[in-house]
Structures are given as C-alpha cells and as structure tokens.
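Read in order, the letters of the sequence shown correspond to residues 10 to 234 in this note's numbering. Contents: one structure, followed by commentary.
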Amino acid sequence: MLTATEITRDLVLVGGGHAHALVLRMLAMDPVPGARLTLVSPASHTPYSGMLPGLVAGHYRFEDTHIDLARLCQWAGVRFLRDTVTALDPARRELHNAQRPPLGYDLLSLDIGSQPTLDVVPGAREYAVPVKPVAEFWQRWQAGLGTHGGQRIAIVGGGAGGLELALAMAHALAGSGASLVLYCGGELLPGYHRSARAAARDAIGRLGVTLEEGARVAEVRAGEL
Ligand SMILES: Cc1cc2nc3c(=O)[nH]c(=O)nc-3n(C[C@H](O)[C@H](O)[C@H](O)COP(=O)(O)OP(=O)(O)OC[C@H]3O[C@@H](n4cnc5c(N)ncnc54)[C@H](O)[C@@H]3O)c2cc1C
Numbered sequence: 010m011l012t013a014t015e016i017t018r019d020l021v022l023v024g025g026g027h028a029h030a031l032v033l034r035m036l037a038m039d040p041v042p043g044a045r046l047t048l049v050s051p052a053s054h055t056p057y058s059g060m061l062p063g064l065v066a067g068h069y070r071f072e073d074t075h076i077d078l079a080r081l082c083q084w085a086g087v088r089f090l091r092d093t094v095t096a097l098d099p100a101r102r103e104l105h106n107a108q109r110p111p112l113g114y115d116l117l118s119l120d121i122g123s124q125p126t127l128d129v130v131p132g133a134r135e136y137a138v139p140v141k142p143v144a145e146f147w148q149r150w151q152a153g154l155g156t157h158g159g160q161r162i163a164i165v166g167g168g169a170g171g172l173e174l175a176l177a178m179a180h181a182l183a184g185s186g187a188s189l190v191l192y193c194g195g196e197l198l199p200g201y202h203r204s205a206r207a208a209a210r211d212a213i214g215r216l217g218v219t220l221e222e223g224a225r226v227a228e229v230r231a232g233e234l
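Here's what the structure looks like:
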C-alpha cells in the first residue's frame, strides 16, 4: 500500500458492483502512482448477478456467489468505507454520505448500477419485487417470497435474466404447489437465435412454467396483474 507521504491524489470509487470489483482488481495489478484509492459501498458483500439464478435454484451458497469487498479492498490496498453516498458536491469535490462526514476526492468514479423504473407501471412499486438491486431481491426471496406452497408467482420480463430466474424459481419450488407465469412484452428472448428461443420454451414447459408472450404488463394490483 502507498504511504501517506506518497499520496498526491484521492481516487474514490462509489458503488461496489461488478464494474468496480473488476476495476479494483485491475488497479491492484497495475497501480496508479501516487493515488490513494477508496471504495464506498453500502454492503460489504456484492452479489455476482450471473450466479443469482443458481443461488435461487439452490445450486450455490451465499459465499459462492458474493464477492467480499472488504477482503478484496484489503488485498488491493484500498480503503473500504461501508456507506451510501447521498449527494455529490462537484464544486467542493466532496461526497456526502449517509453515515460519515463529507469525503473529499480528486478523481471520482460513479458506478451505482441500474434499477428498473418501477413508476412507469402503476402499482409496481407497491406490489412487485424488483430484481435489482440484487442484494435486496435476495433478502426478499430469503424472507419467504416464493417459499410458501401454493403461491402464484408472476415473473415480468422475458429477457435472459427473467428467463433464468423463472427457471431457477421453478426448480427451487418444484413440488411445493407454487405456480409460475413468465410474462414477456414481446416474444421470449428477443434478439436471440430462434433455436435458443425454442430450447428456452422447451425448458420452461418441462419445468411447468406458463409462458405469456406478447403480454405487456400495464398495471400491478394486490394479487393480480
Ligand atoms: C438475474 C440477473 C442475471 C444477470 N446475469 C448476467 C450475466 O450472466 N452476465 C452479465 O454480463 N450480466 C448479467 N446481468 C447484468 C449485470 O448484473 C449488470 O450488467 C451488472 O451488475 C452491472 O454492473 P455495475 O457495476 O454497473 O452495477 P451493479 O453490479 O448493479 O452495482 C452497483 C453497486 O452500486 C451500489 N450503490 C448503489 N447506490 C449507491 C450509493 N448511493 N452509494 C454507494 N453505492 C451505491 C450498489 O450497492 C451496488 O453494489 C444479470 C442481471 C440480473 C438481474
């Protein structure tokens, strides 16, 4: 790690998702001379979303699918601050945080990921569970979503992520009496080769998931779409 006397610039990374986890690894292998690195992230473990369906299905454990950011930072010689950035003051080059006093920076990298715009579908914010942020989805799943027999579960979105999650949930809930429906605004797996789409339809059918294509969800209410 750099000593205080050698530090000439403060590089602050906000968000401990996929992008910054890789940046940290690359910077550890090829350090920027004189830069002190700080990572700000609300959680000390960040999920690898590509493995989330496998976690839901029960193929993996939490520790298989999450990156320990505190450990990664320790290895990379990076300061780790567990916090949420609430505001940015570019004139003062300061970040405001939920827990800590303002944090100064010379260079800033913001990568706080994406989240679905729930408000474009009336009722979605009240009655749906967004898959992003992934960490919150996993907590909701663990807290009982989908674990009671006989539940009717609707998955909205027929891209690769929605399809993988539908298959994973069907696997996890096999024999529980739960019924699953996958709603696609257009066709399943838009943009994929028709053979991939056919294989996906077969897999969905085998696991007993009902597929609704060309079914754009216009509103979510308690217990119905
Ligand atoms: C089910 C599913 C499966 C997927 N599978 C794949 C796959 O197989 N391959 C693939 O390439 N992509 C996959 N993706 C897409 C992938 O998740 C995203 O492309 C990727 O996460 C984007 O990385 P990111 O670092 O930009 O954001 P994220 O990984 O979303 O990370 C954002 C981080 O910012 C933090 N943050 C948010 N707000 C603040 C704040 N105010 N202050 C500080 N920190 C904050 C969050 O806690 C989070 O840690 C999948 C997505 C889903 C939902």
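Heads up, the beta-carbon is just placed ideally off N, CA and C, and yes, glycines get one too.
- If only uninterrupted alpha helix (DSSP H) runs of at least 4 residues are considered, those enclosed by the segment 143–190 are 143–151, 169–181.
- T47 and G26 do not touch by the CB rule: their CB atoms are close to 16 Å apart, not below 8 Å.
- For ligand 1, no non-hydrogen atom lies closer than 7 Å to the CB of D115.
- For T219, the enclosing beta strand (DSSP E) stretches over residues 219–221.
- Rounded to the nearest whole angstrom, the C-alpha separation of G214 and L198 is 15 Å.
- With a threshold of 7 Å, the Cβ atom of E145 does not count as near ligand 1, since no heavy atom of the ligand is closer than that.
- L104 sits in a strand when the DSSP states are folded into three classes.
- In this structure the segment 17–31 lies against the segment 116–129, because at least three pairs of beta carbons, one per stretch, are closer than 8 Å.
- Note on geometry: alpha-carbon atoms of A231 and P139 lie some 15 Å from one another.
- The Cβ neighbour count for V165, taken over all protein chains shown within 10 Å, is at least 16; the residue is labelled buried.
- Taking the C-beta atoms as reference points, L61 is found nearer than 8 Å to T74.
- A straight line joining the alpha-carbon of R45 with that of R70 spans about 34 Å.
- When rounded, the separation of the alpha-carbon atoms in E221 and K141 is 22 Å.
- Contact between A85 and L20 does not hold, since their C-beta atoms are separated by about 12 Å, which reaches or exceeds 8 Å.
- In this chain, R109 is not harboured by any beta strand (DSSP E), its DSSP state being neither H nor E.
- E233 sits in a strand when the DSSP states are folded into three classes.
- A check of alpha carbon separations from G153 across A187, V41, E196, P99 identifies A187 as the nearest.
- By alpha-carbon distance to L78, the top candidate from G67, S50, G63 is S50.
- In the DSSP assignment, Y192 forms a beta bridge with V165, E221.
- A distance below 6 Å between beta-carbons, with the five flanking residues on each side excluded, links E103 to the following residues of its chain, in chain order: P111, G113.
- Scanning V87, A209, R225, R210 for the CA closest to the CA of C193 turns up R225.
- When the five nearest sequence neighbours on each side are left out, the beta carbons in the same chain lying within less than 8 Å of the beta carbon of F146 are those of L61, V138, P139, V140, in order along the chain.
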